[in-house]
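Colleague: Letter by letter, the first sequence follows residues 1 to 423 of my numbering.
Just so it is clear, CB atoms sit at the ideal spot from N, CA and C, and this is done for glycine as well.
Quick one: this structure, given as structure tokens, is what I'll be asking you about.
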Amino acid sequence: MQTTRQIDIPRYLAEFRLDEGTGENLSLFGDKKRGTEIEYVQIDDHRIPRYINEYWTSGQRQASSIHEVSYRACFKPQVPHFFIDLLTQEGDTVYDPFSGRGTTVIEAGRLGRRVIANDVNPLSEILSRPRFFIPDLKDVEKRLEEIPYYSSLRAEMDLSMFFHPDTESEIVSLKNYILEKRQSGREDHVDSWIRMVATNRLTGHSPGFFSVYTLPPNQAVSPERQIKINEKRHQKPEYRDTRKIILKKSKSLIKNLTRKEKENLRKAGESALFLTEDARYTGRIPDGSVQLTVTSPPFLDVVQYSQDNWLRCWFNSIDAEEISKKITMSRTVEEWCGVMGDVFRELFRITRKGGWVAFEVGEVRGGSVKLDEHVVPLGLAAGFECEGILINLQEFTKTSNIWGINNNTCGTNTNRIVMFKKL
DNA sequence: CCTGTGAGCTGGGAATCGAG
DNA sequence: CTCGATTCCCAGCTCACAGG
């Protein structure tokens, strides 16, 4: 494998060069001092360039406030932003087949693109869709006052390790209200917004959440674990005013959205397609309709998404067990490639001529599995051209010491994005 | 003995932002 | 500037066991 510097970069990737040019891309991404390094990987009879630099760092993580909902394993908004900006124009359609909390489509909508989102877990739409229709805070406040609260209500399972009884009754009242509105078809944007915010305020480790101190909201805590945490910290759940918390978070979510961005989001939301399908079979998406796909699939079987979201699923009356049966969890790389090969065939069908796929994978199993190299042949087999692999190298400042994990030893320490083009 | 598999186990703190 | 709230900060690790 040879390594060269600053040569032979395709024009459309020119912005990745950090020693030249100006504009938003350069100010937002990349380390100018580091410079872009290029190496070539031989995959079958293809010589694929890898562009290596620090395109986005922890210091650059600040993005639009509208993204700030917690969800396990989602990429920074700067990742889709970069590709949307570079490879699409206003009005183009941007798609994410593994949409999760909706980072790609929200960012695309904010930037005036049309969007299609898919995720097998219905929680994804619940968290994404409401953020296309930004409500007036006064309406949120008014609605919160109108929702009936019954102090005697309790969850059907024991949640006393997380919530004060009065908080729990508020949560269950809200859960019941939303379910009833939804089932009767009378749910509006304000209801959906409140549900989205509440889903994100269930547990966390600050007073801005409904629960007693748990772990941060992107980490699942089981009731049994929470009992131990409570013992260790000598804590018991205090009352939390759910209405106040929902209103406060609502305010913070929309705090730096401009009028234009709200308008863009609304327009994108109105024409948006939200699917809850297996990413291999998305027949409702027309042939050749997508200009750009930015996505990050599940990496093998490392994260148990439905289990991770057990409480959020409960709050939204979703059967987490049912979902977990539908989620494809590939244990081996071969099995994973089989599934993703089909996903790529579907992506090829829906991608417009001249359109792109930016397919992000991280390293798993201590870097022993280089998923990016496995992805290249899958895209090629589906009919795409592989235009290169972008590697975001980052000195992570990870702070999780839960298992004695040190920075840059475990977890995902690089973003590896494989770029495909449909000629 | 080596490798793959699946069940079971693990639980805080540093960095950053922004309100005051 | 200070201080408190908040943050896509672990896509994990270990070990027993089966089968080659």
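With a cut-off of 8 Å on the beta carbons, I'd call I350 and S289 a contact; round off their distance for me.
Modeller: The count along the first sequence starts at 1 and reaches residue 350 at position 350. The count along the first sequence starts at 1 and reaches residue 289 at position 289. That belief holds up - the Cβ atoms of I350 and S289 are roughly 6 Å apart, short of 8 Å.
Colleague: To the nearest angstrom, how far is the alpha carbon of L273 from that of T332?
Modeller: Translated into the one-based positions of the first sequence, residue 273 becomes position 273. Translated into the one-based positions of the first sequence, residue 332 becomes position 332. Using only the alpha carbons, I get a separation of about 32 Å.
Colleague: Quick check: the stretch 137–148 against the stretch 106–117, are there 3 or more CB pairs under 8 Å?
Modeller: Judged by Cβ distances under 8 Å, the stretch 137–148 makes no contact with the stretch 106–117, as fewer than three pairs qualify.
Colleague: Apart from the five residues on each side of it in sequence, which residues of its chain come closer than 6 Å, Cβ to Cβ, to D342?
Modeller: Counting from 1 along the first sequence, the entry for residue 342 is found at position 342. Correct list, in chain order: R280.
Colleague: What residues in its chain sit with their C-beta under 6 Å from that of G383, if we drop five residues either side in the sequence?
Modeller: Taking the first residue of the first sequence as position 1, residue 383 is located at position 383. So the list reads F348, once near-sequence residues are dropped.
Colleague: If I'm right that G388 touches I171 with Cβ under 8 Å, what's the distance once you round it to whole angstroms?
Modeller: Walking along the first sequence from the start, residue 388 turns up at place 388. Walking along the first sequence from the start, residue 171 turns up at place 171. With 8 Å as the limit, G388 and I171 do not qualify as a contact, their Cβ atoms being about 48 Å apart.
Colleague: Give the DSSP bridge partners of N53, in chain order.
Modeller: Residue numbering aside, residue 53 sits at position 53 when the first sequence is read from its first letter. Answer is N392, bridged to N53.
Colleague: Could you spell out the range, first to last residue, of the alpha helix (DSSP H) harbouring Y177?
Modeller: Looking up residue 177 in the first sequence gives position 177. From DSSP, the alpha helix (DSSP H) with Y177 extends over P165 to Q183.
Colleague: Give me whichever residues DSSP pairs with N118 in a beta bridge.
Modeller: As a working note, residue 118 is residue 118 in the first sequence. Its beta-bridge partners are L275.
Colleague: Check F420 in the structure and name its three-state DSSP category.
Modeller: Numbered from 1 along the first sequence, position 420 holds the residue referred to as residue 420. Of the three classes helix, strand and coil, the one that applies to F420 here is strand, per DSSP.
Colleague: For the alpha helix (DSSP H) holding K232, just list the boundary residues, first then last.
Modeller: Stepping through the first sequence from its first residue, residue 232 is reached at position 232. Looking at the DSSP string, the run of the alpha helix (DSSP H) that includes K232 is P223 to R233.
Colleague: Counting pairs of beta carbons, one from the stretch 118–133 and one from the stretch 178–185, are three or more of them closer than 8 Å?
Modeller: Because the criterion of three Cβ pairs below 8 Å is not met, the stretch 118–133 and the stretch 178–185 do not touch.
Colleague: Tell me which same chain residues have a C-beta within less than 8 Å of the C-beta of S192, skipping the five on either side of it?
Modeller: Here the question's residue 192 lines up with position 192 in the first sequence. Contacts found: I126, R129, P130 and F133.
Colleague: Can you find the residues in the same chain that come closer than 8 Å, C-beta to C-beta, to G112, ignoring five residues on each side of it along the sequence?
Modeller: Residue numbering aside, residue 112 sits at position 112 when the first sequence is read from its first letter. Excluding residues within five positions, the ones whose Cβ falls inside 8 Å are E90, G91, N264, K267 and A268.
Colleague: Would you call the stretch 236–251 in contact with the stretch 155–173, where contact means no fewer than 3 C-beta pairs closer than 8 Å?
Modeller: Touching, yes.
Colleague: Starting from the C-beta of L26, find all residues in its chain whose C-beta is less than 6 Å away, skip the five residues before and the five after it, and write them out in chain order.
Modeller: To locate residue 26, count along the first sequence from 1; it is residue 26. Below a pLDDT of 50, predicted positions are generally treated as unreliable, and L26, at 35, falls in that range; the measurement from the model is reported next regardless. Excluding positions up to five away in sequence, the list is empty.
Colleague: Let me know if D319 comes out buried or exposed under the rule of 16 or more other beta-carbons within 10 Å of its beta-carbon.
Modeller: The residue labelled residue 319 in the question sits at position 319 within the first sequence. Its Cβ having fewer than 16 others within 10 Å, D319 is exposed.
Colleague: Report yes or no: do the stretch 217–235 and the stretch 90–108 share at least 3 C-beta pairs separated by less than 8 Å?
Modeller: No: the two stretches stay apart, fewer than three of their Cβ pairs being nearer than 8 Å.
Colleague: Return the CA-CA distance between K251 and L137, expressed in angstroms with no decimal places.
Modeller: Residue mapping note: residue 251 aligns to position 251 of the first sequence, counting from 1. Residue mapping note: residue 137 aligns to position 137 of the first sequence, counting from 1. So the two alpha carbons sit approximately 7 Å from each other.
Colleague: Would you give the residue range spanned by the beta strand (DSSP E) that I38 belongs to?
Modeller: Here the question's residue 38 lines up with position 38 in the first sequence. Counting along the chain, the beta strand (DSSP E) containing I38 begins and ends at E37 to I43.
Colleague: Give the straight-line distance between the Cα atoms of I84 and A108, rounded to the nearest whole angstrom.
Modeller: Along the first sequence, read from residue 1 onward, the residue named residue 84 stands at position 84. Along the first sequence, read from residue 1 onward, the residue named residue 108 stands at position 108. If you take the alpha carbons of I84 and A108, they lie about 7 Å apart.
Colleague: Quick one: Cα of S70 to Cα of N309, how far?
Modeller: Taking the first sequence and counting its residues from 1, one reaches residue 70 at position 70. Taking the first sequence and counting its residues from 1, one reaches residue 309 at position 309. Their Cα atoms are separated by approximately 11 Å.
Colleague: Are K248 and G283 closer than 8 Å when you measure CB to CB?
Modeller: Your numbering for residue 248 matches position 248 in the first sequence. Your numbering for residue 283 matches position 283 in the first sequence. It is not a contact, given that the beta carbons lie outside the stated cut-off.
Colleague: So, is K76 buried or exposed, given that buried needs 16 or more other C-beta atoms within 10 angstroms?
Modeller: Walking along the first sequence from the start, residue 76 turns up at place 76. Under this definition K76 is a buried residue.
Colleague: What separation, rounded to the nearest whole angstrom, lies between the Cα atoms of T258 and D44?
Modeller: Numbered from 1 along the first sequence, position 258 holds the residue referred to as residue 258. Numbered from 1 along the first sequence, position 44 holds the residue referred to as residue 44. Spanning the two alpha carbons is a distance of roughly 48 Å.
Colleague: Looking only at its own chain, which residues have a Cβ that is under 6 Å from the Cβ of R61, when we skip the five neighbours before and after it?
Modeller: Against the first sequence, residue 61 aligns to sequence position 61. Reliability of the predicted coordinates at R61 is poor, the pLDDT of 48 falling under 50, and the value obtained from them is presented with this limitation in mind. So the qualifying residues of the chain are K76.
Colleague: Looking only at its chain, what residues have a beta carbon closer than 7 Å to the beta carbon of L123, apart from the 5 residues adjacent to it on each side?
Modeller: On the first sequence, residue 123 is found 123 positions in, with the first residue counted as 1. Correct list, in chain order: N309, R312, C313, N316 and I318.
Colleague: Can you tell me whether DSSP reads D319 as helix, strand or coil?
Modeller: One-based indexing of the first sequence puts residue 319 at position 319. D319: coil per DSSP, three-state reduction.
Colleague: Grouping DSSP H, G and I as helix and E and B as strand, with all else coil, what is E238?
Modeller: Within the first sequence, numbered from 1, the residue matching residue 238 stands at position 238. Reduced to three states, the DSSP call for E238 is coil.
Colleague: With distances taken from CA atoms, which of S99, I391 and L87 is nearest K370?
Modeller: Within the first sequence, residue 370 is the residue found at index 370, counting from 1. K370 has its Cα closest to that of I391, out of S99, I391 and L87.
Colleague: Would DSSP call E156 helix, strand or coil?
Modeller: Here residue 156 is taken as the residue at index 156 of the first sequence, counted from 1. Three-state result, E156: coil.
Colleague: Let me check one thing: in DSSP terms, what residues is T295 bridge-paired to?
Modeller: The count along the first sequence starts at 1 and reaches residue 295 at position 295. In the DSSP output, where bridge partners are listed per residue, T295 has F359.
Colleague: Assign K228 to one of two classes, buried (16 or more other C-beta atoms within 10 Å of its C-beta) or exposed (fewer than that).
Modeller: Locating residue 228 in the first sequence gives position 228, counting from the first residue. The residue is exposed, with fewer than 16 neighbouring Cβ atoms inside 10 Å.
Colleague: What does a CB cutoff of less than 8 Å around V375 pick up in its chain, not counting 5 residues either side in sequence?
Modeller: The residue you call residue 375 lines up with position 375 of the first sequence. Around V375: M340, F359, V361 and V418.
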